[in-house]
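The block underneath contains the structure these notes are about, expressed in structure tokens.
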């Protein structure tokens, strides 16, 4: 689907930080499930945030399932069935917000927006900030087993694309694509968290990541997110050396994440100026 959009438009606009918008509405995300707890406590607010991004011009809006896993829901006291329903609901809320937006407006000069299913890394389930390190001590097969059921459940809801995001290491990216390859007609973008202009947070060279993912059919775009904006131009250029697939970027605002209290601090960068640089460097999906 994104390939069709990019044939007609120079770039795709992604949504912004879902959790930040929840907090602006007074909802606390200081929880083991992070923003995913809102799927149970305030689904109305979740849909309202999604709708606000469609209204603002986002071409793709991502579900509140980044930190949503069956294991995480069970740890919180939900049954397996309830966890399954919440995962499916996460995608449905984006779809409902999109359908309501389209019913109430006639957007011109922009593509019909898409609903993406967010898939956070194993470290997001651990809720200890290890998605910014990637040293899990797990094999590719073990990571695939962790992601398998969740990905298949999310697929039941019919997202337009999977957003496999904040991945700290190539091993986990390959594990996720192993599972996605089991799902008929699944498509995804894969984006890494990076510690500098060349390496993922798990110490993999970003060029090696792009080279490994390039031949995998279900991978439709490769890039970075949750990364300091000053590193992104270099990362785009490195990725483009090894793949012709679209590059996706949606870094943080220049602030730094504190995993102990799940908050961001520090000064935000002049984002608009960076966006121009990223587009010139070759990014096609930007958030």
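Numbering (this note's numbering), first residue to last: 34 to 320.
Cβ coordinates follow ideal geometry from the N, Cα and C atoms, glycine included.
Whether residue 119 touches residue 106 by CB criterion (8 Å) = yes
Might you give, ordered along the chain, the residues of its own chain that have their beta carbon closer than 7 Å to the beta carbon of residue 80, omitting 5 neighbours on each side?
-> 126, 129 and 130
In chain order, which continuous runs of the alpha helix (DSSP H) of length 4 or greater are located wholly inside the region 89-149?
-> 103-108 and 113-137
With burial defined as no fewer than 16 other Cβ atoms inside 10 Å of the residue's Cβ, what is the status of residue 63: buried or exposed?
-> exposed
Pick from 55, 43 and 37: whose alpha carbon is nearest that of residue 313?
-> 43
What three-state label does DSSP hand residue 231 in the structure shown?
-> coil
Decide if the region 158-178 is in contact with the region 240-248; the criterion is three or more beta carbon pairs, one per stretch, under 8 Å apart.
-> no
Residue 148 to residue 317, Cα distance in whole Å?
-> 17 Å
Limits of the unbroken alpha helix (DSSP H) element including residue 202 = No alpha helix (DSSP H) contains residue 202, which DSSP labels as neither H nor E.
Measuring CA to CA, which of 274, 234, 189 and 145 is closest to residue 169?
-> 234
Determine contact between the region 97-111 and the region 146-162, defined as no fewer than three beta-carbon pairs at a distance below 8 Å.
-> yes
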